[in-house]
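Let me begin by presenting the structure, written as structure tokens, before commenting on it.
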């Protein structure tokens with residue numbers, strides 16, 4: 001085949017080699033086309049079964065004007081039939097096919113080179129031999145080995161789809177009913193959650209406006225619980241547990257206010273709720289104790305009690321699993337008042353639930369109760385306990401309490417407030433640390449930080465070759481010097 | 001001989017050359033093959049490595065196994081161009097005249113320099129001044145030497161094998177880019193392993209060494225050079241070599257990220273030329289009659305490393321041309337979809 005027995009014989013042999021090579025190439029193209037048709041057909045079958053499955057799934061819900069089984073079969077057949085002609089009409093790139101063939105055979109571009117040499121010989125020495133070798137190689141190798149195993153990646157999923165279609169037809173189900181039931185169940189919990197969130201928000205506003213720390217925390221917990229319930233991020237059981245906790249705290253708060261109100265002794269400037277919270281914490285509270293300023297209730301008392309009742313109702317609904325609209329009794333957007341006890345007489349504004357130690361905004365208002373230690377910040381005038389922090393201070397931070405000797409506490413009858421007697425200096429004392437910012441001097445950026453920025457910018461410029469090479473060392477040394485003595489940078 | 005026999009003969013001849021050189025040179029089989037690729041492609045090689053790695057020995061061995069004229073030029077700062085290419089000298093001849101007396105005839109004759117050889121070893125080429133280095137330019141590119149308006153053709157084969165030391169910068173003159181580009185390959189020599197050092201010591205410290213045999217003459221070299229150029233290469237393989245060369249140029253659409261960031265200049269058209277020719281020779285050395293992608297990849301580093309110039313950022317970050325070439329080789333696809 002190499003043409004070594006004479007020029008005429010060589011031409012014939014080489015002609016045979018070329019013909020053989022081209023025959024093998026055409027055979028390979030036919031195989032490739034068949035593989036492509038099988039691939040496209042299997043893909044068409046798979047994608048045709050998907051609408052069939054859809055039709056079978058919907059057959060239990062809607063009355064279809066055609067047979068779901070027939071539709072599935074037709075769709076699958078149409079998909080498979082559409083894929084095959086598309087593959088048959090597609091042009092096969094022979095050059096690309098032979099490059100892939102060389103890769104799969106490891107023949108180092110022998111076949112693709114020979115294919116090119118058939119039409120455009122390169123030199124006279126090796127062209128014929130290359131064609132000859134390529135023809136022999138392709139004769140030795142089966143098309144399946146050259147093209148690789150036929151892979152139909154979607155075909156294994158087709159039986160699964162057929163099975164699903166059969167199941168959907170054998171066991172029809174109504175999607176509408178399924179979605180409706182689920183929607184109803186979800187809607188009830190979500191509505192309760194929205195109610196709780198709404199109460200929590202309003203109570204937060206109220207507590208924040210009066211700087212009531214414990215009430216604010218309670219309201220925030222309530223709002224968070226409601227939000228999570230409305231979003232569906234927690235289950236009903238967990239919501240019930242958390243709601244029970246909120247309820248317990250709420251009840252305690254409610255009782256506290258009730259007792260505080262019943263203890264009387266209203267005082268202008270009001271420390272009533274502070275006294276009440278003292279009681280819950282079991283502190284003696286000094287002589288002022290519970291009697292310290294229970295002011296009168298405001299006209300908004302009914303709203304506050306209504307809020308508490310509403311929350312109780314919501315909890316009840318949550319437990320019972322019944323959805324209901326938010327209870328009436330107050331207009332939307334009207335903030336409730338946590339600071340006011342139920343059925344309490346009108347009070348002065350500024351009253352609160354928290355003791356002075358927890359309620360920073362109340363510091364310095366009125367006279368502090370006896371038995372308190374230094375109620376002022378460490379940097380405030382020690383002779384003026386309770387002096388407010390300077391303007392611009394971000395707030396007060398309580399320091400660890402120091403307990404004095406126990407005072408005598410008298411327990412009255414049922415419904416009567418505790419009475420504690422103590423001499424000055426006894427009882428709880430609370431210290432506060434005032435955190436305040438200095439006056440703004442007009443400087444926006446420290447000098448050393450600005451200097452570092454300059455140095456970084458120069459380093460970056462050095463890296464980007466923006467500084468001439470001969471000046472690089474000069475620039476580096478300049479910033480090294482001013483970096484050491486940063487105060488000279490401005491020179 | 002038919003094509004297969006020619007191919008087998010080339011493979012056998014090259015193997016014999018490697019075997020004979022291997023008697024004197026321990027290890028470095030790849031380096032020897034690269035030098036032979038340059039020889040049979042008609043290119044010149046620049047060998048770079050620290051002192052003592054056997055650069056000069058390798059080239060001297062090549063001169064011994066080839067039955068062709070070799071010369072060695074030790075480049076020094078005071079070497080002049082005329083010391084390389086030759087010069088016109090004034091000759092005075094005295095002949096007995098027909099009558100009484102002596103006729104004196106003076107004429108100018110060109111005295112050939114060491115460049116008139118088949119294999120020229122330019123040892124430590126970066127020690128000579130640029131003026132002297134450039135004296136080799138015409139010889140390397142055109143294979144001719146012009147002196148005093150007369151052009152002299154050099155013998156074929158003609159190959160310049162230059163060495164340079166990369167660590168000594170004092171008193172050296174780095175080769176200009178134009179001259180670097182004229183080298184077909186830049187071959188980097190690395191340190192030998194412990195076993196190789198042991199073998200080197202055994203060979204050089206025990207007894208006299210047997211001289212190397214002449215394996216190949218100038219005619220055989222010329223025949224192989226012709227055969228190399230006959231090796232077919234598919235269009236897509238040639239296209240791959242071209243795309244590799246283009247990808248080393250910053251600013252082109254196919255340039256890789258590493259090239260765009262660290263390269264100042266990429267390969268000139270001589271780069272893909274070298275890739276294609278060396279890939280053909282490499283295929284023939286392996287006994288194959290066509291060149292493929294693997295052949296192009298195998299000669300990528302040698303053919304392109306001296307044609308990629310790093311920018312300031314690349315040099316500052318210690319990037320090497322080899323890293324860029326490896327990146328290009330990895331990222332440039334062998335084939336691209338047409339249309």
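Residue numbers (our numbering), protein chains in the order written: chain A, 1 to 491; chain B, 1 to 339. Just so it is clear, CB atoms sit at the ideal spot from N, CA and C, and this is done for glycine as well.
Around the Cβ of residue 126 of chain B, a 10 Å sphere holds 16 or more other Cβ atoms; the residue is buried.
Going by C-alpha positions, residue 88 of chain A is about 19 Å away from residue 76 of chain A. Proximity of residue 289 of chain B to chain A, defined by a Cβ-Cβ separation below 7 Å, is satisfied.
Counting C-beta atoms within 10 angstroms of its own C-beta, residue 469 of chain A has fewer than 16 neighbours from the protein chains shown and is therefore classed as exposed. Distance from the CA atom of residue 125 of chain A to the CA atom of residue 77 of chain B, rounded to whole angstroms, is 48 Å. When CB distances to chain B are screened at a threshold of 7 Å, the residues of the region 115–126 of chain A falling below it are 116, 117, 122, 123, 125, 126, in chain order. In the structure shown, residue 73 of chain B adopts extended strand secondary structure according to DSSP, grouped into three states. Burial is judged here by how many other beta carbons sit within 10 angstroms of a residue's own beta carbon; residue 13 of chain B has at least 16 and is buried.
Around the beta carbon of residue 1 of chain B, a 10 Å sphere encloses fewer than 16 other beta carbons of the protein chains shown; the residue is thus reported as exposed.
When DSSP reads this structure, residue 336 of chain B sits in no beta bridge, so it has no partner. Burial of residue 262 of chain B is indicated by the presence of at least 16 other C-beta atoms within 10 angstroms of its C-beta.
Per DSSP, the beta bridge partners of residue 88 of chain B are B/110. Residues of the region 297–318 of chain B with a C-beta less than 9 Å from any C-beta of chain A: 311, 312, 313, 316, listed in chain order. Fewer than three pairs of CB atoms, one per stretch, sit closer than 8 Å, so the region 146–165 of chain B makes no contact with the region 94–106 of chain B. Excluding sequence positions up to five before and after residue 248 of chain B, its CB lies within less than 8 Å of the CB of 255, 259, 263, 266, 267, 271, 304, 307, 308, 324, 325, 328, all in the same chain and listed in chain order. When the Cα atoms are used, residue 479 of chain A and residue 455 of chain A turn out to be separated by approximately 6 Å. Below 8 Å, enough C-beta pairs join the region 56–72 of chain A and the region 148–168 of chain A to call them touching: three or more. Its Cα nearest to that of residue 94 of chain A, the residue A/33 stands out among A/256, A/210, A/224, A/33. Close to residue 237 of chain B, with beta-carbon spacing below 8 Å, are these residues of chain A in chain order: 109, 113. In this structure, the CA atom of residue 5 of chain B is about 23 Å from the CA atom of residue 120 of chain A.
Counting every other CB atom within 10 Å of its CB across the protein chains shown gives residue 132 of chain B a total of 16 or more, marking it as buried.
Look at residue 213 of chain B here: in three-state DSSP terms it is coil, with no helix or strand label. A straight-line Cα-Cα distance of about 42 Å links residue 191 of chain A and residue 67 of chain A. Residue 159 of chain B carries a strand assignment under DSSP once its states are collapsed to helix, strand and coil.
Exclusion of the five residues before and after residue 209 of chain B leaves no residue of its chain whose Cβ lies closer than 6 Å to its Cβ. Going by DSSP, residue 263 of chain B is part of the beta strand (DSSP E) stretching over 263–265. Residue 26 of chain A counts as exposed, since fewer than 16 other C-beta atoms from the protein chains shown sit within 10 angstroms of its C-beta.
Using a CB distance cut-off of 7 Å, residue 57 of chain A does not count as an interface residue toward chain B. Residue-level contact check: residue 99 of chain A touches chain B, since one or more beta carbons of chain B fall below 7 Å from its beta carbon.
Judged by beta-carbon spacing, residue 110 of chain A lies beyond the 7 Å limit of residue 42 of chain A, meaning their Cβ atoms are not closer than that value. The beta carbons of residue 21 of chain B and residue 32 of chain B sit about 5 Å from each other, so the pair counts as a contact at 8 Å. Residues of the region 258–292 of chain B whose Cβ lies closer than 7 Å to any Cβ of chain A, in chain order: 288, 289, 290, 292. Within chain B, the residues whose beta carbon sits less than 8 Å from that of residue 463 of chain A are 313, 316, listed in sequence order. Residues of chain A with a Cβ closer than 7 Å to the Cβ of residue 227 of chain B are, in chain order, 125.
In the structure shown, the three-state DSSP call for residue 283 of chain B is helix. The C-alpha of residue 230 of chain A is placed about 6 Å away from the C-alpha of residue 194 of chain A.
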